[in-house]
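Residue numbers (our numbering): 196 to 457.
We put the CB at the ideal spot given by N, CA and C, even for glycine.
Worksheet: the structure to be examined is printed underneath.
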Ligand SMILES: Nc1ncnc2c1ncn2[C@@H]1O[C@H](COP(=O)(O)OP(=O)(O)OP(=O)(O)O)[C@@H](O)[C@H]1O
Ligand SMILES: [Mg+2]
């Protein structure tokens, strides 16, 4: 862990603010993700978590503030360019095409890796065929690693909720992220399924991705999987620390209990 303190952050958000007309969804929010870290981003509904994802990945231009990734200012870059740099996100709604098989879904996730020219697309040569073989091999490896090997050729609409959540991560992994950001990846899983899912997420770091940012309402999962947890409430950072510190923080307890009581 000490090595983390000497390293440059992989991602650094400085003073992000996002206003929609009169509504300030996120206010003056700063945080970092170090190489090798799993960071949990939590907060009640409407706290601004997805808005943060949208600002970090170029879907929204922040009203104020800057985002740096791998030491480069990416604040005004387009989502596609940011993804190509290795910052890949999932969406709160599924990125899976239900009529395609598991394999086909993961293969489509490799599109960011296709660096062939337009000419090569129409006149495929050996280089393109090699890239295609590599994408197929990589898709199969990712599917096995996510524990979906048995379901390789099943259409996605036949998957259980748990399998679907694993497939969503597999599709995102196909784009070869350095930093993978997952927005409620365990939605709909029971606590047993979520525990297994959390184990799988942990195995990704250091092998398939450098770092992970996870937005999740399942507290058991987020607290067991994260090295550090950042709490948003009404668009502002309420707390930040190791999972046990955050869980014991009275402001955090109040933000959640206050919501549960409402
Ligand atoms: N494009 C938009 N235009 C207007 N308001 C928006 C837009 N996107 C988000 N908001 C508002 O910003 C606030 C934060 O929303 P956001 O979706 O970021 O919350 P969240 O923390 O992801 O919530 P949840 O846990 O329910 O997913 C909400 O009040 C929401 O209505
Ligand atoms: Mg959200």
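How far does the beta strand (DSSP E) with residue 284 in it extend, from its first residue to its last?
As a first step, residue 284 must be located in the chain shown, where it is residue number 89. 282-284 is the extent of the beta strand (DSSP E) around residue 284.
Which same chain residues, not among the five before or five after residue 428, have their C-beta less than 6 Å away from its C-beta?
As a first step, residue 428 is located in the chain shown; it is residue number 233 there, counting from the start. Around residue 428: 238, 242 and 450.
Give, in chain order, every unbroken run of the beta strand (DSSP E) that is at least 3 residues long and sits entirely within the segment 364-403.
374-378
Quick one: measure Cβ to Cβ for residue 530 and residue 286, integer angstroms, because I've assumed they're closer than 8 Å.
The question about residue 530 has no answer, for the chain in this structure spans 196 to 457.
Considering only their Cβ atoms, is the gap separating residue 430 from residue 219 smaller than 8 Å?
If you number the chain shown from 1, residue 219 lands on position 24. If you number the chain shown from 1, residue 430 lands on position 235. Contact: yes.
Rounded straight-line distance, which links the Cα of residue 232 to that of residue 261:
Here residue 261 is taken as the residue at index 66 of the chain shown, counted from 1. Here residue 232 is taken as the residue at index 37 of the chain shown, counted from 1. Distance between the alpha carbons of residue 261 and residue 232: 21 Å.
Which class does residue 272 belong to by DSSP, given the choice of helix, strand or coil?
For the purposes of this step, residue 272 is identified with residue 77 of the chain shown, where counting begins at 1. Three-state DSSP puts residue 272 in coil, outside helix and strand.
Following the continuous alpha helix (DSSP H) through residue 347, name the residue where it begins and the one where it ends.
Your numbering for residue 347 matches position 152 in the chain shown. First-last for residue 347: undefined, no H or E at that position.
I need the straight-line Cα distance from residue 282 to residue 419, nearest angstrom please.
By 1-based counting over the chain shown, the position of residue 282 is 87. By 1-based counting over the chain shown, the position of residue 419 is 224. Each residue's Cα considered, the two are about 23 Å apart.
In the DSSP assignment, find the alpha helix (DSSP H) that holds residue 248 and state where it starts and stops.
The sequence position of residue 248 within the chain shown is 53, counting from 1. Unbroken alpha helix (DSSP H) run through residue 248: 244-251.
Any heavy atom of ligand 1 closer than 7 Å to the Cβ of residue 431?
Translated into the one-based positions of the chain shown, residue 431 becomes position 236. Answer for residue 431: no, Cβ out of range of ligand 1.
Name the residue from 206, 288 and 276 whose alpha carbon lies nearest to the alpha carbon of residue 245.
Reading the chain shown from its first residue, position 50 is the one you call residue 245. For the residues 206, 288 and 276, the minimum Cα distance to residue 245 belongs to 288.
Just the residues with CB closer than 5 Å to a heavy atom of ligand 1, in chain order, which are they?
215, 220, 240, 241, 242, 243, 244, 245 and 246
Any non-hydrogen atom of ligand 2 closer than 7 Å to residue 378 Cβ
Here residue 378 refers to the residue found at position 183 when the chain shown is read from its first residue. Yes, ligand 2 has a heavy atom inside 7 Å of this Cβ.
Hey, out of 387, 227 and 210, whose CA is closest to residue 204's CA?
Within the chain shown, residue 204 is the residue found at index 9, counting from 1. Among 387, 227 and 210, the Cα nearest to that of residue 204 belongs to 227.
Hey, out of 405, 369, 376 and 413, whose CA is closest to residue 390's CA?
Locating residue 390 in the chain shown gives position 195, counting from the first residue. Nearest of 405, 369, 376 and 413 to residue 390, Cα basis: 413.
Bridge partners for residue 408 per DSSP, in chain order?
Taking the chain shown and counting its residues from 1, one reaches residue 408 at position 213. Looking at the DSSP assignment, residue 408 forms a beta bridge with 234 and 376.
Excluding the five sequence neighbours on either side, which residues of its own chain have a C-beta within less than 8 Å of the C-beta of residue 456, listed in chain order?
Sequence index remark: in the chain shown, residue 456 carries index 261 (1-based). Per-residue confidence for residue 456 stands at a pLDDT of 44, beneath the threshold of 50, marking its modelled position as unreliable; no derived number is given.
Close beta carbons around residue 393, own chain, < 7 Å, minus the five adjacent residues each side
Position 198 of the chain shown, counted from the start, is the residue given in the question as residue 393. Hits under 7 Å: 416, 419 and 420.
Supposed contact pair residue 368 and residue 406 - C-beta distance, whole angstroms, cut 8 Å:
Counting from 1 along the chain shown, the entry for residue 406 is found at position 211. Counting from 1 along the chain shown, the entry for residue 368 is found at position 173. The Cβ separation is near 13 Å, so there is no contact.
Rounded C-alpha distance that separates residue 197 from residue 423
By 1-based counting over the chain shown, the position of residue 197 is 2. By 1-based counting over the chain shown, the position of residue 423 is 228. Residue placement at residue 197 cannot be trusted, given a pLDDT of 48 that sits under 50; what the coordinates show is reported in the next sentence. In a straight line, the C-alpha of residue 197 is about 14 Å away from that of residue 423.
Considering residue 340, what are the terminal residues of the alpha helix (DSSP H) in which it resides?
Residue numbering aside, residue 340 sits at position 145 when the chain shown is read from its first letter. First-last of the alpha helix (DSSP H) with residue 340: 321-340.
Can you give me the start and stop residues for the alpha helix (DSSP H) that residue 298 sits inside?
Working through the chain shown from its first residue, we reach residue 298 at position 103. Segment 297-303, the alpha helix (DSSP H) holding residue 298.
Report the residue from 384, 434, 221 and 372 whose alpha carbon sits nearest the alpha carbon of residue 209.
Locating residue 209 in the chain shown gives position 14, where the first residue counts as 1. Among 384, 434, 221 and 372, the Cα nearest to that of residue 209 belongs to 221.
Let me check you understand the geometry: is the CB of residue 442 closer than 7 Å to at least one non-hydrogen atom of ligand 2?
Stepping through the chain shown from its first residue, residue 442 is reached at position 247. Incorrect: residue 442 has no Cβ contact closer than 7 Å to ligand 2.
Tell me the rounded alpha-carbon separation between residue 359 and residue 385.
Taking the first residue of the chain shown as position 1, residue 359 is located at position 164. Taking the first residue of the chain shown as position 1, residue 385 is located at position 190. Using only the alpha carbons, I get a separation of about 14 Å.
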